[in-house]
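A.B. asks: This is the structure I want to talk about, given as structure tokens.
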Amino acid sequence: MLEVKDVSKKYGKLMANNHLSFTLEDGMVGILLGPNGAGKSTIFKSIAGLLRYEGEITIAGYVNKTSEARAALGFVPEIPAMYPNLTVEEHLDFIARAYRLKDYEERKEALLRRFELDDKRRKFGDELSKGMQQKLSICCALLTDPKLIILDEPLVGLDPHAIKELKKTFEELKAQGTTVLISTHMIESVDMIWDKAFILYRGELLATLTKSDLDREGVSLEDKFFELTEGGSEE
Amino acid sequence: MRAYLYLFFHTFIGSILKLFRKSFIWILVMMVAMWVVMGVTFGCIGGLAGYAINKYMPSQAEENDPGEGEEEGNEGEEGEEGEDEKEEKEHTLFGFNVKTERDQISRMAAGIGTCFVLLVIGIAIYSGTKEGMKMFSMADIHHMFTSPLKPQSNLLYKMLGTIWTMVFIGFYIGICWTGGFMAAGFGILDILAAVLVYAVGGILEQLVMLVTYLVSSSFMVKKYVRPALVGILIVLAGLAFMVYKSTGDAATTFMTIFDHPVINFIPVIGWTRAILACTLKHQYLMAGVFLLLSVVTIVGLIILIYRFKADFYEDAFDYAEKLFKQVKAAEEPKAVVTREKNRSKLHNRNKTLKHGQGANVFFFKALYLRGRSALFGIFSLKMLTLLVVIGTAAYFMASHNTLALLAYIVGTVVVETVAGFANPLAMDMDRHIIHLCPESEFSKLLYSLLGNTLSTLIDVLPGMILGAILIKANVWMILCALLITIGMSVYASATAVLMDSLIPENMMEQIKSTLSVVLKMLPIMPVIVTITVVFIASENVILTAIVASIEIIVIGILLVLLASYRLGRK
Chain A
14 MLEVKDVSKK YGKLMANNHL SFTLEDGMVG ILLGPNGAGK STIFKSIAGL LRYEGEITIA
74 GYVNKTSEAR AALGFVPEIP AMYPNLTVEE HLDFIARAYR LKDYEERKEA LLRRFELDDK
134 RRKFGDELSK GMQQKLSICC ALLTDPKLII LDEPLVGLDP HAIKELKKTF EELKAQGTTV
194 LISTHMIESV DMIWDKAFIL YRGELLATLT KSDLDREGVS LEDKFFELTE GGSEE
Chain B
35 MRAYLYLFFH TFIGSILKLF RKSFIWILVM MVAMWVVMGV TFGCIGGLAG YAINKYMPSQ
95 AEENDPGEGE EEGNEGEEGE EGEDEKEEKE HTLFGFNVKT ERDQISRMAA GIGTCFVLLV
155 IGIAIYSGTK EGMKMFSMAD IHHMFTSPLK PQSNLLYKML GTIWTMVFIG FYIGICWTGG
215 FMAAGFGILD ILAAVLVYAV GGILEQLVML VTYLVSSSFM VKKYVRPALV GILIVLAGLA
275 FMVYKSTGDA ATTFMTIFDH PVINFIPVIG WTRAILACTL KHQYLMAGVF LLLSVVTIVG
335 LIILIYRFKA DFYEDAFDYA EKLFKQVKAA EEPKAVVTRE KNRSKLHNRN KTLKHGQGAN
395 VFFFKALYLR GRSALFGIFS LKMLTLLVVI GTAAYFMASH NTLALLAYIV GTVVVETVAG
455 FANPLAMDMD RHIIHLCPES EFSKLLYSLL GNTLSTLIDV LPGMILGAIL IKANVWMILC
515 ALLITIGMSV YASATAVLMD SLIPENMMEQ IKSTLSVVLK MLPIMPVIVT ITVVFIASEN
575 VILTAIVASI EIIVIGILLV LLASYRLGRK
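Residue numbers (the working numbering), protein chains in the order written: chain A, 14 to 248; chain B, 35 to 604.
Here it is, written out as structure tokens:
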């Protein structure tokens, strides 16, 4: 579903992504792990088609900057930014029009209920708290029923209920065959659902791990992560 | 298309709803006042224009039929030389001979049109290489850019919004200043042509900026653009110098260069200015042809932008992210604002604010801030710039006495007004510092504006004195000009404070710009009425200027009252 081939991105002299290559197959949940400054957000922005880079990224077989690829992608940015003069409901209606969705009303209502936004549907974008904006951003990405959804630090700023609902959503997405790529610091929050983990460090891909391999080794993802990035497990 | 229409319509409705929710009565009163005042004003403007045209301008018959007119004139001249002198005196307004120099006004206006188009296109090319993608917000990046909407469609959507604002503002200003133009002897078609040039120039500015950005970033020619602009400026300066040497007169040089008939045939720039130039010469068919050519150019540029496959998302993202972070940082209680450039070395950080207590601390703060960034605490950059600009202009204008005083006064007032539309209390209001001082909102605002006005006065005074000496101006006229400048400074600052307290920060850009222009123009309309009435009644320029200035200051204080009431309710 997602193929990142030899992608490099430079900001001036800083190499944010250095020849990254990885793939995420259909229906898998991948997680991108790495300390601050590892290049996680940069690769996410590159996948979303927001940056210029060297290399190749394809989504569902299409180059990521084509309309077909964008239609197949749902993107939840690290810091949500909403239109200040559109209400919660209008954000979703706009997304539906931009993606040419039909019969989306039921899905919209379900998402609003699930993320407890149904009583805030008339609130404007700039009247929402950061957590609510994050919820709306997730709803916008889920509304289009994407084949691939990428979420950059989606749990930051959410209340416990929303975290629980989002985790449940990840499981449902996995069950319905949607490919998910999550960038997070909170390893324990995705420990039960991940299939593939990509460890990034200083712009380079240190390792690609699969859950079955780690289970066989009897090592937790957290221990493996610290072993790779700090040279030993954290007690 | 459906998505863009939805976004535009609902953003518009959302902005209006928010505006009315916060300031319903205010907006309603403003709108009613706008229409009432505009009605009265146009009546008075018509009166003044008719009066001025009848009294000072040669009759249409005289203008259009020079042969017959001359004959009749010659017959009359033989025995009525004394009357001619009297008539010549009557044709003088603000030291400016309206009868003999009417053709020159038209040529000057056409030249100003050329300069305007040159300036906007030059700025567009310059900023196109630097900040061609500043129009997108972070919400656009997250919702539009990641959707299947075409990048070029996103670009056109944002650009058309800006263009709409430009056209509206052009027509609104045209309507507001119709009286002024008519009093200067221009007809309705001339004013319409000027507005069209303003609107077309504004649209071209946006389009050229985008085309420059797309071409320069795609073909890696960015580094050649600015040297090319500097080269054109050097050529223009060289040309001006050569023409000035042969004519010895600044006004003639200006008209020779910027109102040369050949300019009309330069694509884009020439075609646009020709709309005004041909209208002023009553060549309406040619003006129409040039308008058509300009419209074709606009359509062509829009198609070019739509067809141009450039990857601009990263640049747009960079600007939007930078702005987004700045706004977020400013919203934080312990905000640390980082500056892209270091503060000037002139900033004296060892000084402290020693004077003032209570509300008047805002008066001393304005002076303190001015002094801190000024050389020896006196010579600010603004003061030195005005000294050089006014001094140079006055030096060249001194050779053309009849136009000097008028241009000098109008220029100074316009510069000061445009520069003055900045809220001196913006930071105090944003950070709620103004509420920390336990005094009435009115006194805090008034003291702040007084401090700001005194700073302006200190900045303007040296330039005005130098200019006055160079053009040997009438002392009373200069004092009037100073009074008008002070009045406009109070009015402009008070309007800016009111705007900041009335218009929500996140308002849709088009509505925000439109409301800003209405708010800036609205309070000045009663002044136009006063000028009309006092001038027709007294025919005394100095008295008119004094009354108008006092009125502007009173309006400024009223605006402060309104702003302080709004501020107190927040």
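Note that CB positions come from ideal geometry on N, CA and C, so glycine has one too.
(1) Could you give the first and the last residue of the continuous alpha helix (DSSP H) run that contains D493(B)?
(2) Mapping DSSP to helix, strand and coil, what is F346(B)?
(3) Would you say S187(B) faces chain A, with C-beta separation under 8 Å as the test?
(4) Is E573(B) close to chain A? Criterion is C-beta to C-beta, closer than 8 Å.
(5) Runs of 4 residues minimum, wholly inside the region 89-146 of chain A: which ones carry the alpha helix (DSSP H) assignment?
(6) Mind pulling the chain A residues with CB within less than 8 Å of K52(B)?
(7) Quick one: list the residues of chain A neighbouring R36(B), beta-carbon separation under 7 Å, in chain order.
(8) Pick out the complete alpha helix (DSSP H) segments inside the region 266-323 of chain B, 4 residues or longer, and give them in chain order.
(9) Could you tell me the distance, in whole angstroms, from the CA atom of R404(B) to the CA atom of F410(B)?
(10) How long is the line joining the alpha carbons of Y318(B) and D224(B), rounded to whole angstroms?
(11) Over the uninterrupted alpha helix (DSSP H) stretch that includes E185(A), give me the two end residues.
(12) Using a Cβ-Cβ cut-off of 6 Å (strictly less than) and excluding sequence neighbours within five positions of L248(B), which residues of its own chain qualify?
(13) Please determine, among I222(B), T199(B), D352(B) and Y38(B), the residue with the shortest C-alpha to C-alpha distance to R113(A).
(14) Would the region 187-199 of chain A and the region 25-40 of chain A be scored as touching if the rule is three or more Cβ pairs under 8 Å?
(15) Got a sec: is the Cβ-Cβ distance from F253(B) to anything in chain A below 8 Å?
(16) At a Cβ threshold of 8 Å, is G50(A) touching chain B?
(17) Using DSSP bridges, identify the partner residues of L421(B).
(18) Verify the CB distance criterion: does L41(B) have a CB-CB separation below 8 Å to chain A?
(19) Taking buried to mean at least 16 other C-beta atoms within 10 Å of its own C-beta, is D493(B) buried or exposed?
(20) Just reading off the beta strand (DSSP E) that K23(A) is part of, what are its end residues?
(21) Between E230(A) and chain B, is any beta-carbon pair separated by less than 8 Å?
(22) Would you identify the three-state DSSP class for L326(B), choosing helix, strand or coil?
(23) Contact criterion: CB-CB distance below 8 Å. Does D106(A) meet it with respect to chain B?
(24) Show which residues of chain A have a CB atom less than 9 Å away from the CB atom of Y247(B).
(25) So with Cβ pairs under 8 Å, would you call M167(B) a contact of chain A?
(26) Quick check: L480(B) and V594(B), are their CB atoms within less than 8 Å of each other?
(27) Does any residue of chain A bring its CB to less than 8 Å from the CB of P182(B)?
(28) Is any beta-carbon of chain B found at less than 8 Å from that of A123(A)?
(29) What residue range does the beta strand (DSSP E) around F396(B) cover?
(30) By the three-class DSSP mapping on this structure, what secondary structure does P100(B) have?
(31) Please list the residues of the region 324-355 of chain B that have a C-beta atom closer than 7 Å to any C-beta atom in chain A, keeping them in chain order.
(32) DSSP three-state call for K160(A): helix, strand or coil?
(33) Please work out which residues of its chain come closer than 6 Å, Cβ to Cβ, to R141(B), disregarding the five sequence neighbours upstream and downstream, and give them in chain order.
(34) Within 10 Å of its beta-carbon, does K120(B) have 16 or more other beta-carbons around it, so buried, or fewer, so exposed?
(35) Does A1(A) come out as helix, strand or coil in the three-state DSSP assignment?
(36) Roughly how many angstroms separate the alpha carbons of M533(B) and L53(B), rounded to a whole number?
C.D. replies: In terms of the structure at hand:
(1) Taking the first residue of the second sequence as position 1, residue 493(B) is located at position 459. Taken as a continuous stretch (DSSP letters only), the alpha helix (DSSP H) holding D493(B) covers E475 to I505.
(2) Residue mapping note: residue 346(B) aligns to position 312 of the second sequence, counting from 1. Secondary structure at F346(B): coil, using DSSP grouped into helix, strand and coil.
(3) What you label residue 187(B) is simply residue 153 of the second sequence in a count that begins at 1. Cβ-Cβ to chain A under 8 Å: no for S187(B).
(4) Locating residue 573(B) in the second sequence gives position 539, where the first residue counts as 1. It does not; no Cβ of chain A falls within 8 Å.
(5) 101-111 and 118-127
(6) Within the second sequence, the letter at position 18 stands for residue 52(B). Within chain A, the residues near K52(B) are N98 and F137.
(7) As a working mapping, residue 36(B) is identified with position 2 in the second sequence. Here the neighbours are R110.
(8) If you keep only unbroken alpha helix (DSSP H) runs of at least 4 residues inside the region 266-323 of chain B, you get 284-292 and 303-314.
(9) What you label residue 404(B) is simply residue 370 of the second sequence in a count that begins at 1. What you label residue 410(B) is simply residue 376 of the second sequence in a count that begins at 1. The alpha-carbon atoms of R404(B) and F410(B) are separated by roughly 11 Å.
(10) Stepping through the second sequence from its first residue, residue 318(B) is reached at position 284. Stepping through the second sequence from its first residue, residue 224(B) is reached at position 190. The straight-line gap from Cα to Cα measures roughly 10 Å.
(11) Numbered from 1 along the first sequence, position 172 holds the residue referred to as residue 185(A). Unbroken alpha helix (DSSP H) run through E185(A): P173 to A188.
(12) Sequence index remark: in the second sequence, residue 248(B) carries index 214 (1-based). Cβ-Cβ distances below 6 Å link L248(B) to F342 and A344 in the same chain, with the five nearest sequence neighbours on each side left out; the list follows chain order.
(13) Taking the first sequence and counting its residues from 1, the one referred to as residue 113(A) is at position 100. That would be Y38(B), whose Cα lies nearest to the Cα of R113(A).
(14) yes
(15) Locating residue 253(B) in the second sequence gives position 219, where the first residue counts as 1. It does not; no Cβ of chain A falls within 8 Å.
(16) As a position in the first sequence, residue 50(A) is number 37, starting the count at 1. No, no contact with chain B.
(17) To locate residue 421(B), count along the second sequence from 1; it is residue 387. Looking at the DSSP assignment, L421(B) forms no beta bridge with any residue, so it has no partner.
(18) Taking the first residue of the second sequence as 1, we reach residue 41(B) at position 7. With 8 Å as the cut-off, L41(B) counts as an interface residue toward chain A.
(19) As a position in the second sequence, residue 493(B) is number 459, starting the count at 1. Buried.
(20) Walking along the first sequence from the start, residue 23(A) turns up at place 10. Where K23(A) is concerned, the enclosing beta strand (DSSP E) stretches over L15 to Y24.
(21) Translated into positions along the first sequence, residue 230(A) becomes position 217. No, because no Cβ of chain B sits closer than 8 Å to the Cβ of E230(A).
(22) One-based indexing of the second sequence puts residue 326(B) at position 292. Residue state, collapsed to three classes: helix.
(23) Locating residue 106(A) in the first sequence gives position 93, counting from the first residue. With 8 Å as the cut-off, D106(A) counts as an interface residue toward chain B.
(24) Within the second sequence, numbered from 1, the residue matching residue 247(B) stands at position 213. Those within 9 Å of Y247(B) in chain A number zero; the least Cβ separation is about 14 Å.
(25) Position 133 of the second sequence holds residue 167(B). By this cut-off, M167(B) is not an interface position.
(26) By 1-based counting over the second sequence, the position of residue 480(B) is 446. By 1-based counting over the second sequence, the position of residue 594(B) is 560. Remark: C-beta atoms of L480(B) and V594(B) approach each other more closely than 8 Å.
(27) Working through the second sequence from its first residue, we reach residue 182(B) at position 148. Yes, because at least one Cβ of chain A sits closer than 8 Å to the Cβ of P182(B).
(28) Position 110 of the first sequence, counted from the first residue, corresponds to residue 123(A). Taking Cβ atoms only, chain B never reaches closer than 8 Å to A123(A), which makes this a no.
(29) Here residue 396(B) refers to the residue found at position 362 of the second sequence. Counting along the chain, F396(B) falls outside any beta strand (DSSP E), though it belongs to the alpha helix (DSSP H) covering V395 to R406.
(30) As a first step, residue 100(B) is located in the second sequence; it is residue number 66 there, counting from the start. For P100(B), the pLDDT reaches just 46, beneath the cut-off of 50, and the residue's location in the model is therefore unreliable, although a value from the coordinates is still provided. Reduced to three states, the DSSP call for P100(B) is helix.
(31) Answer in chain order: D345, Y347, E348 and F351.
(32) The residue given as residue 160(A) occupies position 147 in the first sequence. Coil.
(33) Working through the second sequence from its first residue, we reach residue 141(B) at position 107. Correct list, in chain order: M289 and D293.
(34) What you label residue 120(B) is simply residue 86 of the second sequence in a count that begins at 1. With a pLDDT of only 49 at K120(B), under the threshold of 50, the placement of this residue in the model should not be trusted, and no figure is reported.
(35) Residue 1(A) cannot be examined here, being either before or after the span of chain A that is shown, 14 to 248.
(36) Walking along the second sequence from the start, residue 533(B) turns up at place 499. Walking along the second sequence from the start, residue 53(B) turns up at place 19. Near 12 Å, if we compare the C-alpha coordinates of L53(B) and M533(B).
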